[in-house]
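Some notes on the structure that comes next.
Residue numbers (our numbering): 2 to 86.
Right, dumping it as structure tokens:
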């Protein structure tokens, strides 16, 4: 905590415990920069990125968003020019 305090980061003991003992859901860039400065490393040394399927999120009304296939059906078709009779 003193090393972070020297860099202008004030965290409580419980905040530091959560950062050290688990995987935080979010972290401010200022705290990440302070960690990198403290440990003389880069963010890539501290953070491992993995891709996950996020799934479909519900809208505020509870309706599911339109699927891409359904959206494609709503797109206008180009006009057909027919020969004059």
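We treat Cβ as the ideally placed atom computed from N, Cα and C, and that holds for glycine.
Judged by their CB atoms, residue 39 and residue 4 are nearer to each other than the 8 Å cut-off. Shown here for residue 2: same chain residues with a beta carbon closer than 8 Å to its own, the five before and five after excluded, namely 12, 14 and 17 in chain order.
A check of alpha carbon separations from residue 10 across 35, 79, 44 and 76 identifies 35 as the nearest. The three-state reading of DSSP puts residue 37 in helix, counting H, G and I together.
Looking at the backbone, the Cα of residue 23 and that of residue 37 are separated by about 18 Å. No residue range can be given for residue 52, since it is assigned to no alpha helix (DSSP H) and is classified by DSSP as neither H nor E. In the structure shown, residue 77 adopts coil according to DSSP, grouped into three states.
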